[in-house]
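This report concerns only the one structure given below.
2 protein chains.
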Amino acid sequence: MDKILRIDMSAEGGPGISEQPLGEYAGLGGRALTSAIVSKEVPPTCHPLSAQNKLVIAPGLLSGTTGAMTGRISMGCKSPLTGGIKEANAGGQASQVLARLGYAAIVIEGKPQGDDLYKVLINKDGVKIVSDNGLKGLGNYKTVEKLREEHGDKIAVISIGPAGEMKLAAATVACTDPELRPTRHAARGGVGAVMGAKRVKVIVLDDTGLKMRSPKDPEAYKEANKRFVEGLRKHPVTGEGLPAYGTNVLTNVINEAGAYPTYNFKEGRFAGAAKISGETLAETEKARGGIPTHGCHRGCVIRCSGVYVDKDGHYLTKQPEYETVWAHGGNCGIDDLDAIAQMDFLDDDIGVDTIEMGATIGVAMEAGLAKFGDAQAAIELVKEVGKGTPLGRILGSGAAVTGKVFGIERVPVVKGQAMPAYDPRAVKGMGVTFATSTMGADHTAGYAVVTNILKIGGDVDPLSPQGQVELSRNLQIATAAIDSTGMCLFIAFAILDQPDTFQALIDMINAFYGLSMTADDVTALGKKVLEMERDFNRRAGFTAQQDRLPDFMKKEPISPHNVTFDIPDEELDKVFSW
Amino acid sequence: MDKILRIDMSAEGGPGISEQPLGEYAGLGGRALTSAIVSKEVPPTCHPLSAQNKLVIAPGLLSGTTGAMTGRISMGCKSPLTGGIKEANAGGQASQVLARLGYAAIVIEGKPQGDDLYKVLINKDGVKIVSDNGLKGLGNYKTVEKLREEHGDKIAVISIGPAGEMKLAAATVACTDPELRPTRHAARGGVGAVMGAKRVKVIVLDDTGLKMRSPKDPEAYKEANKRFVEGLRKHPVTGEGLPAYGTNVLTNVINEAGAYPTYNFKEGRFAGAAKISGETLAETEKARGGIPTHGCHRGCVIRCSGVYVDKDGHYLTKQPEYETVWAHGGNCGIDDLDAIAQMDFLDDDIGVDTIEMGATIGVAMEAGLAKFGDAQAAIELVKEVGKGTPLGRILGSGAAVTGKVFGIERVPVVKGQAMPAYDPRAVKGMGVTFATSTMGADHTAGYAVVTNILKIGGDVDPLSPQGQVELSRNLQIATAAIDSTGMCLFIAFAILDQPDTFQALIDMINAFYGLSMTADDVTALGKKVLEMERDFNRRAGFTAQQDRLPDFMKKEPISPHNVTFDIPDEELDKVFSW
């Protein structure tokens, strides 16, 4: 994993392929690598759909090894949604396979003339790029099915759906899970639109004949990994809550905390929460013959994923995540799990971000396009996106554009990106992260819920403005570092709570690369990543004024706590002062 | 004209009305006044459709007097299109009448609960605001017709069409001309959407029983006005070209210069230009019994307006302006004057900016929604806006949103506002104005065509990067000052060329107000206005990165001169260094 694959879609006579050593990017993986390349090579003021933008796909530092939880893959570019730098990461098999194929990153550059759609094939024999217009307009599920027929089932697939082809700003890049289903998405910020602008429909990865990546010190790596896994297994969140109920275990927790955005961020508690909670979801799956506990990639020991089936036991979609259940559920006043599952499937198939879509439908409902709680109407709206009708294109462009087109003032976005499932007025640490993250409103950028609500790594009152800036700062730094390892972010629950588990992670990196990093080095890496990203955004024209929540959240109190977002702007501006 | 009328649409129990002296705003008119109030009173980061935004409507310093050309009215707010400060001004009768009613400005604040639509009535007896839901959804023409039936034909009307009611970012505020037709629009930047957000459909002004405003020194005023009028009459542009052919006299001139943006800014010359030129337009009007020479307000001596009729001599629309003819014509590859006239009428009736609409249709054509040159398809697209279909709402949100929704990279906007009818690569002084104006791409903000092409006030080669920054700077300063007088900007042709005409204008102001202003004071006023506007934009989050043309204009040469926009960013950043 010491080389970069560059694909130049502008090259005359068809896409150009070249390989180069990591060079100045050596030692970086995942988000650190995507952000370094984007920050250095993409002109910050270029049009996100132009030839000058680049899509960088990078496994993490430990991806492709025997280490647990190392299956995240980062996708970076200038975002068509926010106009700033973007890294969105996904689970699934792609990260491990790409790492074993020896690539620290794929960089897709340029833009072809004409309308052809391309397929990239990478295996032990090399890289091939062929046009394949038979894939045009196919959903991610059909796309993968077609590739399975052609290439067998030992592959991992990275693909875009119709939304990516249409270059919609909510378009995702999908990665297949171990069962070759396109259910794991680099979802946020429109990375799929950038892949679509470059006319790349799929990247087919096949590591047949290749081995696990070897650590410098195999014994030490194995031992550290063992301690790491033990740490994850003994922690109540990663060892019990997430495996049993998936991420949707949060519905009851966040609803109880009064921080569950309901009816387009009008209220903080949803009467129908129990009907769509993780507990209900797992029960439903069990009763119908679905799978409540499942890993999205091989080597996962948390196994927060699952399979959701219909009443007859037929596959409907992967177990919908908490954010998805909220976005299409409480945020739209919908308490029907089957309807939510159907929208989850449609989102994955069309290739759009479930958070952005749910928030967008909430705004559309506020605009009167459908009634809050009308599940069938919501499903029809998602279908419009797939059809590419004018309405579908509006919705697929995200909540900010939808608000603008329909003249709606209450639009829950920061830097043009929709807010996830935590009302920033009632979980103020999350509000700081939403406001200041380089990524736009992004819960994974600094998940303050851990300390605000779950009381992991400390206890900061979610309703008070005190301590939130420091909390968000520390979490944003830690996250930027974790996102660079290829580790699933959910390890944070255990490593924040258990110093020996954190040390085990550092020991894994050291054993693998023959380094002697300390916790301070991890912090330094996180800061370096954030600084690169902030610098890009500054050069793209962002100022402190973009590090703000929407006005209505400062003026409109949310029930049940009747709180507004009251952290002063001057405090927000200190998040990156270290 | 020494008081401000404040209308608070948030007030409980119906809109509140109050009057106050000019106070700290004394001495300001037109754009100087709207920008001062917006800059001081509107939070720069507020949502443009929120209660916190204000719509300020201000006649100029000399409006309502016997002075020639004093009929412009300024509308200011935070722009829903650009997100920055906005002043858009219009001709018509409103400025004169409002000034005679004694108001230096109307400030519409707040936002009502509920769906009622309001009518504001102002006459010598005072101000009344009543809800009038019978006006809902009416086009500007039907709206005015209804008001004429109710209030007689001595009124001047300020109104919004369906686009304003829908809060679309390309929505205008219409003002009636002397024949009570809603043909003069404060068109740019979505000022109509702000009026719509405040639920004000019309403002009916009636100055019956009121007199012309009296100068401090009536004799000196009369004498200066006489010299001013003589100056306008003797200048070839204001005395001959504009009266004979209207603003559309420019089609042949700009096309000849190779700066006529054709097919969405793909080429610089349009093969069909002669069929839609001002000469052809005037001939057509004469032959059919229309009116080629007409004043948009009483007291106009340039009379660049006209009346366009169909083959049977029936009124079709006012004589379309150059920008409109270009936007719906060459920019869309359309060379059919009747079709352009029909779109002009539709734009006026629906209440959308003709420049924004034409540029938007150009982008839509590039997206494949219609073929370049297909006049009927273009007409249908404009009609969509009026119907408020999803497609219509996209288009009515302007070129930037349309480009985003349809994934188009070549979108001719700055700060989200569409470029007018001059390719900035071939008239580089115009490019500097488009890039740096506080208003977004706006030709009226610093009309470098005068010196680049018409060779008035000097001679700066339009194709060279040399001298353009200084040219644009000086014109932007002069324009900001002229926009504050209530004078039509077309006086600039004469006052830039003829020092005695410029002096006559200063003498008019001095005689009216008993001042002793010099040319330096005029320059100082212009700078002050620009500084207020820049300051607002800075506080709204704008940086130098927003003072840039779209990337494609720096990379893609335009025929026939095969030039790109090559003025370095560092030069652009010096425009406001004085």
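Sequences listed follow chains A and B, in order.
The first sequence: position 363 = 363 (our numbering), numbered continuously.
Just so we're on the same page, our numbering is the position in the second sequence counted from 1, plus 1000.
Think of the CB as a built atom: it goes at the ideal place given N, C-alpha and C, for glycine as much as any other residue.
In this text, all values refer to a predicted model and were calculated from it rather than measured experimentally.
- Here DSSP, grouped into helix, strand and coil, assigns A/L33 to helix.
- Chain B has no Cβ within less than 8 Å of the Cβ of A/R199.
- Using beta-carbon distances, A/E41 does not count as an interface residue toward chain B, since no partner is under 8 Å.
- In this structure the region 66 to 86 of chain A does not touch the region 513 to 528 of chain A; the number of beta carbon pairs closer than 8 Å is below three.
- Each residue's CA atom was taken as its position, placing B/R1288 and B/Y1315 some 10 Å apart.
- Residues of chain A with a Cβ closer than 7 Å to the Cβ of B/K1404 are, in chain order, A169, S397 and V401.
- Counting only the Cα atoms, B/I1350 lies some 21 Å from A/L391.
- A/M532 and A/I558 have their C-alpha atoms roughly 35 Å apart.
- With a threshold of 16 other beta carbon atoms within 10 Å, A/V130 falls short and is exposed.
- Excluding sequence positions up to five before and after A/R539, its CB lies within less than 6 Å of the CB of P44, all in the same chain and listed in chain order.
- For B/C1046, a Cβ of chain A is located within less than 8 Å of the residue's own Cβ.
- Its chain contains T1317, P1320 and T1324 as the residues whose beta carbon lies nearer than 6 Å to that of B/D1344, once the 5 sequence neighbours on both sides are disregarded; these appear in chain order.
- Considering only beta carbons, the part of the region 360 to 394 of chain A lying closer than 8 Å to chain B consists of T389, P390, L391, R393 and I394, in chain order.
- B/P1390 sits in a helix when the DSSP states are folded into three classes.
- The Cβ of B/R1148 sits no closer than 8 Å to any Cβ of chain A.
- Judged by DSSP in its simplified three-state form, B/N1562 adopts coil rather than helix or strand.
- Less than 8 Å divides the Cβ of B/V1413 from the Cβ of B/P1550.
- The Cβ-Cβ distance between B/G1190 and B/I1160 does not fall below 8 Å.
- Only those residues of the region 1047 to 1073 of chain B whose C-beta falls short of 8 Å from the nearest C-beta of chain A are listed: H1047, L1049, S1050 and Q1052.
- One Cα belongs to A/V352, the other to A/A327, and the distance between them is close to 13 Å.
- Ranked by how close their Cα comes to the Cα of B/R1188, the residues B/Q1417, B/I1057 and B/D1461 have B/Q1417 in first place.
- A Cβ-Cβ distance of about 7 Å is found for the pair B/I1037 and B/A1105, placing them in contact under the 8 Å criterion.
- According to DSSP, A/H185 shares a beta bridge with A/A174.
- Counting along the chain, the unbroken alpha helix (DSSP H) around B/S1484 starts and ends at Q1468 to T1485.
- Judged by DSSP secondary structure, A/P243 falls within the alpha helix (DSSP H) whose first and last residues are L242 to Y245.
- Around A/E409, the beta-carbon contacts reaching into chain B at under 7 Å are H1047, L1049 and S1050.
- At a cut-off of 8 Å between C-beta atoms, A/R548 counts as an interface residue with respect to chain B.
- Checking the DSSP bridge columns, you'll see B/P1021 partnered with B/K1003.
- At least one beta carbon of chain B lies nearer than 8 Å to the beta carbon of A/D551.
- Its chain contains G1429, G1457, G1458, D1459, V1460 and L1471 as the residues whose beta carbon lies nearer than 7 Å to that of B/T1451, once the 5 sequence neighbours on both sides are disregarded; these appear in chain order.
- The continuous stretches of alpha helix (DSSP H) do not include A/H314, and DSSP gives it neither H nor E.
- Where A/V301 is concerned, there is no enclosing beta strand (DSSP E), because DSSP gives it neither an H nor an E.
- Interface flag for A/A540 against chain B is set, since a Cβ pair is found closer than 8 Å.
- With a contact defined as Cβ atoms closer than 8 Å, B/A1426 and B/P1462 qualify at about 6 Å.
- Using a Cβ-Cβ cut-off of 8 Å, B/T1543 counts as an interface residue toward chain A, since at least one Cβ of chain A sits closer than that to its own.
- In this structure, the beta-carbon distance from A/A174 to A/N140 falls below 8 Å.
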